[in-house]
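K.L.:
Encoded as structure tokens, here's the structure I'll be asking about.
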Amino acid sequence: MAVTDVCDVLARRATLTRSIKLLSEFRFEQRDPARFYGALAADTAAMVADLWRGVHGTSPAGCTLLDVGGGPGYFAAAFADAGVHYIGVEPDPGEIHAVPAAPAATGAATYVRASGTALPFADASVDICLSSNVAEHVREPWRLGREMLRVTRPGGLVVLSYTVWLGPFGGHETGLWHYLGGARAAARYTRKHGHAPKNNYGSSLFAVSAGAGLQWAASTGALLAAFPRYHPRWSWWMTRVPVLREFLVSNLVLVLMPPTATGSTFAGR
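Heads up: the sequence shown is residues 1 to 269, going by UniProt numbering.
And the structure:
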């Protein structure tokens, strides 16, 4: 499976219009999370379906998807709508129950309280393993990645997407102050708001680079594709340019496929 085969399916949706629509939803994250996370979940489910279709030529309906750090029910509902059996993993039960009126579709979902760096699942037990915007909150992000690969069956897909530290959203709610240093940005936020940010640098937010993710993914021998999550297709070339990608990629998607017993059939990134 060549990279172009995977990306060509996804590229049909990776338009400038989609990018503008997604970015416009970010301003609602704090005051209307249902609107923001609902839109993000729907787009993520469509992205995963495109990737699966690019590899296998079929819909992922009927597949089992393990979502590491999926939080409350928005992602569960989006994948249920796509006919995917959803299993969510969260270390914090408060996140699972953060939305009292979670979508009805979450009733068919399964939730497990566990750490993403020590998944309580057997080797090769799921078809798809997803982690959306979690790696930057994990002290050992590539340990998370290794666990995702371990539990995914040969020929399945691992989709690991995370916010790049030097991108404009790297500081999360601390804004662009993270360019002056994560600790300084967190201290400023605390002074201004009277409490530490939820995504607190050094405890729940870490500086993860695009280069480190690409290096790790390449070292596994399972890397299928890498691209900026929210960018139109014509700008994906930035992923290949050192330094530039750290500032402009914003959110990097790593797509990996555990090789089959007969060996890997895919190209590199």
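In this text, a Cβ means the ideal position worked out from N, Cα and C, and glycines have one as well. None of these values were measured; they are calculated from a predicted model.
From Tyr74, Leu16, Asp67, Leu10, pick the residue whose C-alpha is nearest to that of Arg35; which is it?
P.N.:
By one-based count along the sequence shown, residue 35 stands at place 35. For the residues Tyr74, Leu16, Asp67, Leu10, the minimum Cα distance to Arg35 belongs to Tyr74.
K.L.:
Have a look at Ala49, Arg146, Val55, Gly194 and flag the residue whose alpha-carbon is nearest the alpha-carbon of Ala78.
P.N.:
Here residue 78 is taken as the residue at index 78 of the sequence shown, counted from 1. If we check each option's Cα against that of Ala78, Ala49 comes out closest.
K.L.:
For a quick check, are the C-beta atoms of Tyr162 and Thr174 less than 7 Å apart?
P.N.:
In the sequence shown, residue 162 corresponds to position 162, counting from 1. In the sequence shown, residue 174 corresponds to position 174, counting from 1. Contact: no.
K.L.:
Taking three-plus beta-carbon pairs below 8 Å as touching, is the region 164–174 in contact with the region 143–151?
P.N.:
no
K.L.:
Give me the DSSP bridge partner(s) of Cys129.
P.N.:
Here residue 129 is taken as the residue at index 129 of the sequence shown, counted from 1. Answer by DSSP bridge pairing, in chain order: Leu66, Val158.
K.L.:
Roughly how many angstroms separate the alpha carbons of Ser125 and Lys21, rounded to a whole number?
P.N.:
Position 125 of the sequence shown, counted from the start, is the residue given in the question as residue 125. Position 21 of the sequence shown, counted from the start, is the residue given in the question as residue 21. Taking the straight line joining both Cα atoms gives about 35 Å.
K.L.:
From Leu176, Ser131, Arg139, His172, pick the residue whose C-alpha is nearest to that of Leu160; which is it?
P.N.:
Taking the sequence shown and counting its residues from 1, one reaches residue 160 at position 160. Taking only the C-alpha atoms, the option nearest Leu160 is Ser131.
K.L.:
Indicate whether Leu149 and Pro259 have their beta-carbon atoms separated by less than 7 Å.
P.N.:
Your numbering for residue 149 matches position 149 in the sequence shown. Your numbering for residue 259 matches position 259 in the sequence shown. No. Outside cutoff.
K.L.:
Look at the alpha carbon of Gly170 and the alpha carbon of Phe121, and state the distance between them as a whole number of angstroms.
P.N.:
Start at 1 with the first residue of the sequence shown, and residue 170 comes out as number 170. Start at 1 with the first residue of the sequence shown, and residue 121 comes out as number 121. Each residue's Cα considered, the two are about 31 Å apart.
K.L.:
Drop a sphere of 10 angstroms on the beta-carbon of Ala80, count the other beta-carbons inside from all chains shown, and report buried for 16 or more, exposed for fewer.
P.N.:
For the purposes of this step, residue 80 is identified with residue 80 of the sequence shown, where counting begins at 1. Buried: at least 16 other Cβ atoms inside 10 Å.
K.L.:
Given this structure, state the Cα-to-Cα distance separating Pro91 from Ala135, to the nearest angstrom.
P.N.:
For this step, residue 91 is matched to residue 91 along the sequence shown. For this step, residue 135 is matched to residue 135 along the sequence shown. One C-alpha to the other measures close to 14 Å.
K.L.:
If distances are taken between C-alpha atoms only, which option among Leu157, Phe206, Phe26 comes closest to His56?
P.N.:
The sequence position of residue 56 within the sequence shown is 56, counting from 1. Ranking the options by Cα distance to His56, first place goes to Leu157.
K.L.:
In whole angstroms, what separates the C-alpha of Tyr201 from that of Gly116?
P.N.:
Numbered from 1 along the sequence shown, position 201 holds the residue referred to as residue 201. Numbered from 1 along the sequence shown, position 116 holds the residue referred to as residue 116. A straight-line Cα-Cα distance of about 19 Å links Tyr201 and Gly116.
K.L.:
From the DSSP output, which residues share a beta bridge with Asn200?
P.N.:
To locate residue 200, count along the sequence shown from 1; it is residue 200. None; Asn200 has no bridge partner.
K.L.:
Sorted by chain position, which residues of the same chain lie with C-beta nearer than 7 Å to Leu23's C-beta, five sequence neighbours on each side aside?
P.N.:
Here residue 23 is taken as the residue at index 23 of the sequence shown, counted from 1. So the qualifying residues of the chain are Tyr230.
K.L.:
So what does DSSP say about Pro242, is it helix, strand or coil?
P.N.:
Locating residue 242 in the sequence shown gives position 242, counting from the first residue. Of the three classes helix, strand and coil, the one that applies to Pro242 here is coil, per DSSP.
K.L.:
If you measure from the CB of Asn251, is any heavy atom of the ligand SAH nearer than 6 Å?
P.N.:
With respect to the ligand SAH, the structure shown offers nothing to examine, as it has no ligands at all.
K.L.:
Using 8 Å for Cβ pairs, my map puts Pro228 next to Ser204. What's the rounded Cβ distance?
P.N.:
In the sequence shown, the residue the question calls residue 228 occupies position 228. In the sequence shown, the residue the question calls residue 204 occupies position 204. That belief does not hold up - the Cβ atoms of Pro228 and Ser204 are roughly 24 Å apart, past 8 Å.
K.L.:
Could you name the residues that DSSP lists as bridge partners for Arg113?
P.N.:
The residue labelled residue 113 in the question sits at position 113 within the sequence shown. According to DSSP, Arg113 bridges with Glu90.
K.L.:
Given a cut-off of 7 Å, decide if Leu65 and Val89 are closer than it, judged by their beta-carbon atoms.
P.N.:
Position 89 of the sequence shown, counting from 1, holds the residue named residue 89. Position 65 of the sequence shown, counting from 1, holds the residue named residue 65. Cβ distance not < 7 Å, so Val89 and Leu65 don't count as in contact.
K.L.:
Please name the residue or residues paired with Pro228 in a DSSP beta bridge.
P.N.:
For the purposes of this step, residue 228 is identified with residue 228 of the sequence shown, where counting begins at 1. BP columns for Pro228 point to Leu252.
K.L.:
Compute the distance between the beta-carbons of Leu256 and Leu223, then report whether it is under 7 Å.
P.N.:
The residue given as residue 256 occupies position 256 in the sequence shown. The residue given as residue 223 occupies position 223 in the sequence shown. Yes, the Cβ-Cβ distance between Leu256 and Leu223 is below 7 Å.
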